[in-house]
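Under my numbering, the first residue of the sequence shown is numbered 22, with each subsequent residue one higher.
Encoded as structure tokens, the structure appears first; notes follow it.
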Amino acid sequence: VPTEIVERLVTRPEDMIPDVGESIQFFKDQLLRMLEEYMASLPQSYLVELDGNMSPTILFEQLLERLNAYPIRRAALVQRFFPPETDEEEISHESGEMGMHLYLDGKERSI
């Protein structure tokens, strides 16, 4: 396959230079203003600003650091409304198995 065809097939049409410029201008003219207005309407303590130029690992670490600074309580533990139907279910839950379990029509479904 010729290189020209591969480049054309791999590149999305909306990523071409004229289209990207239009998209950036639309963001600046329309979306950025609405986003700034929305952010201004919220309490500043609820906003977390991150630098999107950083690596995903650094962004995640910064987000965790900022979230840990909030006085947030841990969520309540999930409790069963009905006792397990068999001893096997009780054992699987006591063994430290992680995940969510949903009971539909008396049957347990893992999510």
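Note that the Cβ used here is the ideal one computed from N, Cα and C, for glycine as well.
8 Å Cβ cutoff met for residue i and residue j
i, j, result
"Leu68", "Met60", "yes"
"Leu80", "Leu71", "yes"
Three-state secondary structure (DSSP) of residue i
i, result
"Asp40", "helix"
"Phe48", "helix"
"Tyr67", "helix"
"Tyr91", "coil"
"Leu98", "coil"
"Ser62", "helix"
"Gly117", "Below a pLDDT of 50, predicted positions are generally treated as unreliable, and Gly117, at 46, falls in that range; no measurement from the model is reported."
"Arg33", "coil"
"Met55", "helix"
"Ile26", "helix"
"Glu82", "helix"
"Ser76", "coil"
Best match in the options for proximity to residue i [C-alpha to C-alpha]
i, options, result
"Ser66", "Pro92, Met75, Phe48", "Pro92"
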